[in-house]
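Worksheet for the structure shown next.
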Amino acid sequence: MKKIALLASLLFSVVLFSIEYSPDSKAFSATSVAVSLDGEKLVAGYIDNTIKVWSLLDGKLLNNLSFNSSWVTAVAVSPDGKKGIAGYDDGMIIVWDLATGRKIKSLSSHTSTVNDLIVTKDSKTLFSCSSDATVKIWSLADLAFIRTLRGHSGSVFSIVDWPEQSRLYSASEDGTLRIWDSSTGQQVKVIRAEIGALTAVSMDEGRSILILGSEAGQLKSYDVKTWSSLKTTRAHNAQITKILIDNEVVYTASSDRTIKLLSLPSFSLIKMVTGHTWDVTEIALSMDGHVLYSSSTDGKLKVWDIEKASAIGTLIGFGDGEYFSYNSQGNWVSSSLAKERVTCENGSSPAEVGKELSSILLQLDKLPRIYTTSEQEINLEKSTVSFMVSQPVTRVTVDEEEVAIGEDGSVVFSPDGEGTYTLRAYDSSGSYDERILTVHFEETVMYVVKEISSYQRGDKVLVDNYRNNEFLVNGEWVDETFLSISPPDLEPPIIIGERTQKVSIGKDKYLTFSVSDNGTLTAAEVIAPDLTVSRRTLNSTSTEIVIEVNGTGVYTVNAYDSDGNKTVATFYLEGEEEPFWVSKDYGSLSKGQQVKVAEEGESCYYVSDYGWVEKDCLSRSPVTTGEPIIDGIPVQYASSAGEKILSFKVSDDVNVKEVVVSGKAYPVNEREREMHIIVNEYGEHLVVAKDVEGNSSEAIFTLSAPDKNEKSNRSLFLLLIPILTLAVLIYIWVVRSSRKKNRKVRL
49 MKKIALLASL LFSVVLFSIE YSPDSKAFSA TSVAVSLDGE KLVAGYIDNT IKVWSLLDGK
109 LLNNLSFNSS WVTAVAVSPD GKKGIAGYDD GMIIVWDLAT GRKIKSLSSH TSTVNDLIVT
169 KDSKTLFSCS SDATVKIWSL ADLAFIRTLR GHSGSVFSIV DWPEQSRLYS ASEDGTLRIW
229 DSSTGQQVKV IRAEIGALTA VSMDEGRSIL ILGSEAGQLK SYDVKTWSSL KTTRAHNAQI
289 TKILIDNEVV YTASSDRTIK LLSLPSFSLI KMVTGHTWDV TEIALSMDGH VLYSSSTDGK
349 LKVWDIEKAS AIGTLIGFGD GEYFSYNSQG NWVSSSLAKE RVTCENGSSP AEVGKELSSI
409 LLQLDKLPRI YTTSEQEINL EKSTVSFMVS QPVTRVTVDE EEVAIGEDGS VVFSPDGEGT
469 YTLRAYDSSG SYDERILTVH FEETVMYVVK EISSYQRGDK VLVDNYRNNE FLVNGEWVDE
529 TFLSISPPDL EPPIIIGERT QKVSIGKDKY LTFSVSDNGT LTAAEVIAPD LTVSRRTLNS
589 TSTEIVIEVN GTGVYTVNAY DSDGNKTVAT FYLEGEEEPF WVSKDYGSLS KGQQVKVAEE
649 GESCYYVSDY GWVEKDCLSR SPVTTGEPII DGIPVQYASS AGEKILSFKV SDDVNVKEVV
709 VSGKAYPVNE REREMHIIVN EYGEHLVVAK DVEGNSSEAI FTLSAPDKNE KSNRSLFLLL
769 IPILTLAVLI YIWVVRSSRK KNRKVRL
């Protein structure tokens, strides 16, 4: 069997052959395009003043309308499918009956080009914007003008509405986004986008993100709730002419001849669609999101397969009203004069030459086609996936197994767990379209209803996949009869108690709570912050538990029943900050120092602004320290040299702050120090020592003049000095005399 691949249409090439045409000397542009909500009709506006309505079911031209002598610049279709609306270069708006093509009414108020038209979902209200710098609101039900919104200083190129909030948003070449109350016409807010002239605006379906497009090709997104800027990026090399948002994909059309698909909110490029040779003026999406329609100043109207980024149909118009159309299979039709301007590489002739425009068909692919996303998700509640196939499809297979096709072309099948599946859609000739569908299984929490392996009844497990009546749990396939999406009938125990309980630090502490169950309670565990476990064995349906604990902090309580169900609760024992006193030196903490204790562990207290301290280093009662000790000789004698120095030592079990001698203070700040104080006079001197705890002690020392013995000894010493000096001199004289005598004897 032959597989037909739909390749992207690049420039004027199609599958198996290339097609070229000679453009008319007059520019012929398709300015706008819209598609009906039911997906059956395609409406296009042109600069030759015509509006053409095509059937997307069979490609026939339903209407070729000419209501005005000016260019058609914007088209829209009411959501109920009853009315078509066209805006013109001269500011006129014309409403017609979409079924018959009959003009209903002209709406005249704008004084310049109508740039954009939107209709509310209820088909009752029409909004229009224009190069005359205004936005206008019309009653489409009554075909009457309602009000004009003024505030912009330049052309308004694009609008979007939020009818549920009575909001209308307009983007202008003056660089501002203006927000209006559509019910009153009052301007609510002005946002300066700072990306130059604004040419396009759109909002996501959830109305949480608004995106602006600029003349320079930039995109900028905003959070609708806060109006904070989310992201700015340069998406195109020229003016952005249209923005559409579908799910999490942003579609942009540009004067740089391209259409881009960008991810939301990152604006990263998903795909770029090329094929137009001049500005892309407008794009529209089918309701199912599989097909994109575009118009361009190159005169081409294109129908795109979004997933493959390839054109499945192209319609080209010339300046004199002649047309030709081709699809990706190489089928083409032409009006009588247009066929002379078209050449095919293989020399093929058009399948049909129409003498009248109404006989020209919009050539669309007639291939079997599958419409689906590349990934779908299943879970225990939704075990099927679905996709659509085109009309020519007669048979569908999933991994070579045939599945049924619904009357509307829908296909539903139940995958055997997550994985990749090959989808094929065949037509009567045996040609087929093939897609690879990746199915993901949503992880689901289930309950064990029968004991198995390491799991007990009531345990929660995470199911990762499903196949052949088995669940994948933690890498092991388990028969579906052992698990249930609903918990067992027996509910787990209930733990009740104040989640935050006050306790006194340094005193006995108790955690109080109660447990109950429909069945029999078997045990309760209390896990302390240090992970020590206290266990109580139970055998009742309810009980109150008061358990002594050692400290503050978070305690975890586990309660078990006879069916293996388990409940977990956490309690916080909070102690009020209390004063403690350091009972012995600890780090930088000094004995007797007052501190604040905020938490308590089994063997430690937590001291604010310090950290954990062993319990035996702190006391709930003030710790008194001893008085300073002053140690020295009560009666001291001054030096005979005349200095009056008083000497003593001070010490304490805490730092001695200062020593005061006869009214004069000397700083110490040590636990022990030898003191040598110069005083002015002999006599008694009062010494006072003070420590850092405020304790003090006193001592009296007497400083006397040097004693008499010391004076006598000094006088004797002074007398001996000259005597010793004389003796030394005599000794020296005797020695020298002796040497002279010895010298004479030798001679």
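Just so we're aligned: 654 in the numbering used here is position 606 of the sequence shown, and the numbers increase by one with no gaps anywhere.
Virtual Cβ for every residue (Gly too), placed ideally from N, Cα, C.
Note that this is a predicted model, so its numbers are computed, not measured.
Residue i burial status per 10 Å Cβ neighbour count (16 or more: buried)
{"i": "Val83", "result": "buried"}
{"i": "Trp102", "result": "buried"}
{"i": "Lys403", "result": "Annotation note: pLDDT 47 at Lys403 (below 50); position unreliable, no value reported."}
{"i": "Ile681", "result": "exposed"}
{"i": "Asn522", "result": "exposed"}
{"i": "Trp525", "result": "exposed"}
{"i": "Ile360", "result": "buried"}
{"i": "Pro463", "result": "buried"}
{"i": "Met335", "result": "exposed"}
{"i": "Tyr136", "result": "buried"}
{"i": "Ala332", "result": "buried"}
{"i": "Val683", "result": "exposed"}
{"i": "Gln641", "result": "buried"}
{"i": "Ala576", "result": "buried"}
{"i": "Lys237", "result": "exposed"}
Residues near residue i by beta carbon distance below 6 Å, same chain, minus five either side
{"i": "Val551", "result": "Lys557, Leu621, Gly623"}
{"i": "Gly337", "result": "Asp294"}
{"i": "Leu637", "result": "Val630"}
{"i": "Pro540", "result": "Asn613, Thr615"}
{"i": "Ala75", "result": "Residue placement at Ala75 cannot be trusted, given a pLDDT of 42 that sits under 50; what the coordinates show is reported in the next sentence. Nothing meets the Cβ criterion."}
{"i": "Phe530", "result": "Lys498, Ile500"}
{"i": "Ala646", "result": "Glu625, Tyr654, Ser656"}
{"i": "Arg195", "result": "Ile185, Gly233"}
{"i": "Asp481", "result": "Pro416, Arg417, Ile418, Ala473"}
{"i": "His488", "result": "Glu425, Glu466"}
{"i": "Leu520", "result": "Asp512, Asn513"}
Supposed close pair residue i, residue j - CB separation, criterion 8 Å
{"i": "Ala607", "j": "Val563", "result": "5 Å"}
{"i": "Ala737", "j": "Val704", "result": "6 Å"}
{"i": "Glu330", "j": "Ser311", "result": "Their Cβ separation, rounded to whole angstroms, is 22 Å, which puts Glu330 and Ser311 out of contact at 8 Å."}
{"i": "Val123", "j": "Gly93", "result": "4 Å"}
{"i": "Val120", "j": "Ile166", "result": "So it is not a contact: roughly 16 Å between Cβ atoms."}
{"i": "Leu258", "j": "Val272", "result": "5 Å"}
{"i": "Gly567", "j": "Asp609", "result": "5 Å"}
{"i": "Ser214", "j": "Ser179", "result": "About 26 Å separates the two Cβ atoms, so there is no contact after all."}
{"i": "Ala286", "j": "Ser342", "result": "Contact flag wrong, Cβ pair sits at about 15 Å."}
{"i": "Thr618", "j": "Tyr603", "result": "7 Å"}
{"i": "Gly465", "j": "Arg515", "result": "4 Å"}
{"i": "Leu694", "j": "Val709", "result": "7 Å"}
{"i": "Thr432", "j": "Phe461", "result": "7 Å"}
Span of the beta strand (DSSP E), counted from its first residue to its last, around residue i
{"i": "Gln234", "result": "Looking at the DSSP string, Gln234 is not in any beta strand (DSSP E), and its letter there is neither H nor E."}
{"i": "Leu267", "result": "266-271"}
{"i": "Pro715", "result": "712-726"}
{"i": "Tyr299", "result": "297-302"}
{"i": "Pro627", "result": "626-630"}
{"i": "Tyr654", "result": "652-655"}
{"i": "Met494", "result": "492-496"}
{"i": "Glu518", "result": "518-521"}
{"i": "Tyr469", "result": "467-474"}
{"i": "Tyr503", "result": "Taken as a continuous stretch (DSSP letters only), Tyr503 belongs to no beta strand (DSSP E), as it is neither H nor E."}
{"i": "Gly674", "result": "Where Gly674 is concerned, there is no enclosing beta strand (DSSP E), given that its DSSP letter is neither H nor E."}
{"i": "Tyr658", "result": "Unbroken run through Tyr658: none, as it is neither H nor E."}
{"i": "Lys738", "result": "731-739"}
{"i": "Lys100", "result": "99-103"}
{"i": "Val441", "result": "Counting along the chain, Val441 falls outside any beta strand (DSSP E), and DSSP gives it neither H nor E."}
{"i": "Ser187", "result": "182-187"}
Own chain residues within Cβ distance below 7 Å of residue i, not counting five before or after
{"i": "Ser458", "result": "Ser434, Met436"}
{"i": "Asp346", "result": "His324, Thr325, Trp326"}
{"i": "Val162", "result": "Thr121, Ala122, Gly135, Tyr136, Gly139, Ile141, Ser176, Ser178"}
Chain-order list of residues whose beta-carbon lies under 8 Å from that of residue i (same chain, five-residue window excluded)
{"i": "Lys172", "result": "Ser187, Leu188, Ala189"}
Any chain B beta carbon closer than 8 Å to residue i
{"i": "Tyr608", "result": "Protein chain content of the structure displayed is limited to a single chain, and chain B is not contained in it."}
Residue i: CB within 7 Å of a non-hydrogen atom of the ligand ZN
{"i": "Ile484", "result": "Among the ligands in the structure shown, none appear at all, so the ligand ZN cannot be discussed."}
Discussion item. Under 8 Å, with one C-beta from each stretch per pair, do the segment 588-602 and the segment 648-667 reach the 3-pair mark?
Written reply: Yes: at least three Cβ pairs fall under 8 Å.
Discussion item. I'd like to know if the segment 132-141 and the segment 153-162 are in contact, where contact means that at least 3 CB-CB pairs between them fall below 8 Å.
Written reply: The segment 132-141 vs the segment 153-162: in contact.
Worksheet item: Can at least three beta-carbon pairs, one atom from the segment 437-447 and one from the segment 490-507, be found at a separation below 8 Å?
Response: These segments do not touch.
Discussion item. Could you check whether the segment 216-230 touches the segment 246-260, counting it as contact only if at least three pairs of C-beta atoms, one from each stretch, sit closer than 8 Å?
Written reply: Contact between the segment 216-230 and the segment 246-260 is present, with at least three C-beta pairs closer than 8 Å.
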